[in-house]
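First comes the structure, then the notes that go with it.
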Amino acid sequence: MEVYFRKSYPRSMEGNFGRCYLDDDRVTRDGLSKRIKAFRSFLRDNGIDSKVPFNLPHRVAAARAGMGTFGKNCLFYSNKVARGGSWTLPIAFVIDEAFEPDMPTMEIGCPDWCRNTCIAACPTRALKGNSQIDPRKCISYLSYFGEGITPLELREPMGMFVYGCDRCQNVCPRNQPWLAQGLPMNEKVAAKEDYFELSRLLHMDREYFETKIWPHMFYMSYQDIWRWKMNVARVMGNSRDKKYIVDLVRAFEDNTDERVRGMTAWAIGNIGGQEALTALKGLIDETSDLVKEEIRTAKEFC
Ligand code: SF4
Ligand code: SF4
Numbered sequence: 001m002e003v004y005f006r007k008s009y010p011r012s013m014e015g016n017f018g019r020c021y022l023d024d025d026r027v028t029r030d031g032l033s034k035r036i037k038a039f040r041s042f043l044r045d046n047g048i049d050s051k052v053p054f055n056l057p058h059r060v061a062a063a064r065a066g067m068g069t070f071g072k073n074c075l076f077y078s079n080k081v082a083r084g085g086s087w088t089l090p091i092a093f094v095i096d097e098a099f100e101p102d103m104p105t106m107e108i109g110c111p112d113w114c115r116n117t118c119i120a121a122c123p124t125r126a127l128k129g130n131s132q133i134d135p136r137k138c139i140s141y142l143s144y145f146g147e148g149i150t151p152l153e154l155r156e157p158m159g160m161f162v163y164g165c166d167r168c169q170n171v172c173p174r175n176q177p178w179l180a181q182g183l184p185m186n187e188k189v190a191a192k193e194d195y196f197e198l199s200r201l202l203h204m205d206r207e208y209f210e211t212k213i214w215p216h217m218f219y220m221s222y223q224d225i226w227r228w229k230m231n232v233a234r235v236m237g238n239s240r241d242k243k244y245i246v247d248l249v250r251a252f253e254d255n256t257d258e259r260v261r262g263m264t265a266w267a268i269g270n271i272g273g274q275e276a277l278t279a280l281k282g283l284i285d286e287t288s289d290l291v292k293e294e295i296r297t298a299k300e301f302c
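The numbering used here applies: residue 1 is where the sequence shown begins, and numbers increase by one.
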């Protein structure tokens with residue numbers, strides 16, 4: 001059972017990225033991969049062959065093995081690690097040895113008094129309350145697989161998340177024992193903090209993306225860099241921070257993709273005020289009806 005949140009992450013990163021992605025080494029192979037390799041060596045030294053197929057249902061396998069229970073947010077809560085929290089990544093090993101199984105714990109382990117906090121807190125109503133999630137409505141999915149410009153009604157609910165979402169875990173009382181403690185800083189992730197600064201992400205080119213960002217967050221290829229930039233522009237707009245107006249105007253001028261240009265216009269409008277209105281009046285778009293409409297609507301916000 002891997003705990004992906006053993007150490008703390010820079011606040012600026014936790015606010016914009018799901019924690020499970022911050023130290024994901026499936027490409028760099030410099031953390032969990034080494035530990036899996038070491039465990040497989042240990043098994044081999046004890047006469048057990050193993051495989052680690054990633055297409056297994058890992059959470060269900062862990063519950064069948066009696067290692068924890070589910071939450072109403074559809075996440076897996078460990079019995080033994082992370083103080084019973086959901087900051088875990090169960091990893092299923094297939095081995096050529098039979099063990100006496102523990103009692104399966106395929107159940108919801110939430111206290112009645114919680115009153116469905118996660119379901120109420122999910123800003124996009126992705127959680128159905130019947131142990132099901134509509135992934136197409138989940139911010140995590142939308143942030144890396146959403147098609148087209150993010151619909152207007154989702155832009156504010158998606159809030160400050162660029163990639164992933166931890167909201168239903170952050171509000172969960174089962175996670176508070178782990179969240180309440182002081183954890184040492186994850187220095188490996190802290191060293192990447194500057195690369196993930198919003199202005200840098202908004203203006204990144206192919207080389208920057210492929211060397212600094214993609215190895216750590218790889219669900220989107222370079223062909224989808226428009227989605228990265230659109231997400232960052234949305235977050236800047238939701239920040240309501242006037243310092244981003246200059247960046248957003250520059251991104252509007254530098255990008256040809258109408259989804260990015262449209263979102264930068266929306267973001268400037270969402271920041272609002274006289275400075276934003278002046279910036280919007282300076283945006284000239286000759287061709288795209290989508291962008292023209294976004295500029296028109298954005299001016300009304302100011
Ligand atoms: S990760 Fe975010 S959007 Fe997805 S279910 Fe949880 S709170 Fe809702
Ligand atoms: S917030 Fe409440 S209902 Fe949701 S997973 Fe946590 S304990 Fe369960």
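We put the CB at the ideal spot given by N, CA and C, even for glycine.
All values reported here derive from a predicted model rather than from experimental measurement.
Unbroken beta strand (DSSP E) run spanning residue i, endpoints
i: tyrosine 77; result: 76-78
i: phenylalanine 218; result: Note, phenylalanine 218: premise wrong, no beta strand (DSSP E); not H, not E.
i: phenylalanine 42; result: No beta strand (DSSP E) contains phenylalanine 42, which is instead part of the alpha helix (DSSP H) from 32-45.
i: phenylalanine 70; result: 68-70
Exposure of residue i, with buried meaning 16 or more beta-carbon neighbours within 10 Å
i: tyrosine 163; result: buried
i: proline 151; result: exposed
i: tyrosine 77; result: buried
i: isoleucine 268; result: buried
i: isoleucine 284; result: exposed
i: tyrosine 222; result: exposed
i: proline 90; result: buried
i: phenylalanine 17; result: buried
i: arginine 136; result: exposed
i: aspartate 307; result: Past the boundaries of the shown model lies residue 307; the chain is included only from 1 to 302, so the question cannot be answered.
i: arginine 35; result: exposed
Straight-line gap, residue i to residue j (C-alpha atoms, nearest Å)
i: lysine 7; j: glycine 31; result: 13 Å
i: glutamate 258; j: methionine 217; result: 24 Å
i: tryptophan 228; j: leucine 201; result: 8 Å
i: glutamine 176; j: alanine 82; result: 10 Å
i: alanine 63; j: arginine 155; result: 35 Å
i: methionine 160; j: proline 101; result: 43 Å
i: alanine 38; j: alanine 190; result: 26 Å
i: asparagine 238; j: proline 104; result: 44 Å
i: glycine 273; j: lysine 281; result: 13 Å
i: glycine 148; j: asparagine 46; result: 52 Å
i: tryptophan 226; j: threonine 264; result: 12 Å
i: phenylalanine 301; j: phenylalanine 54; result: 46 Å
i: isoleucine 108; j: valine 171; result: 17 Å
i: histidine 58; j: arginine 296; result: 48 Å
i: aspartate 49; j: valine 94; result: 8 Å
i: cysteine 118; j: glycine 129; result: 9 Å
i: asparagine 270; j: methionine 106; result: 44 Å
i: glycine 66; j: serine 86; result: 15 Å
i: aspartate 25; j: serine 33; result: 7 Å
i: asparagine 73; j: aspartate 224; result: 28 Å
i: glycine 68; j: arginine 174; result: 12 Å
i: arginine 240; j: tryptophan 266; result: 12 Å
i: arginine 167; j: asparagine 255; result: 31 Å
i: valine 52; j: lysine 80; result: 22 Å
Boundaries of the alpha helix (DSSP H) in which residue i is found, first to last residue
i: threonine 117; result: 117-121
i: threonine 278; result: 274-281
i: glycine 269; result: 258-271
i: phenylalanine 145; result: 139-145
i: lysine 243; result: First-last for lysine 243: undefined, no H or E at that position.
i: cysteine 20; result: 19-22
i: tryptophan 178; result: 176-179
i: aspartate 289; result: 289-301
i: arginine 59; result: 58-64
i: methionine 13; result: 11-14
i: alanine 190; result: 187-190
i: cysteine 168; result: 167-170
i: leucine 152; result: 152-155
Proximity of residue i and residue j at Cβ, strictly below 8 Å
i: glutamate 294; j: isoleucine 245; result: no
i: proline 157; j: valine 27; result: no
i: leucine 56; j: alanine 92; result: yes
i: cysteine 110; j: cysteine 138; result: no
i: alanine 126; j: aspartate 134; result: yes
i: valine 291; j: arginine 261; result: yes
i: proline 10; j: glutamate 193; result: yes
i: glutamate 2; j: threonine 88; result: yes
i: methionine 220; j: tyrosine 141; result: no
i: aspartate 247; j: serine 288; result: no
i: glutamine 169; j: leucine 75; result: yes
i: leucine 277; j: lysine 243; result: no
Given 8 Å, three or more beta-carbon pairs between the stretch 173-183 and the stretch 233-252: Contact between the stretch 173-183 and the stretch 233-252 is absent, because fewer than three Cβ pairs lie under 8 Å.
Touching by the beta-carbon criterion (3+ pairs, under 8 Å), the stretch 104-114 and the stretch 189-207: In short, these stretches do not touch, since the Cβ pair count stays below three.
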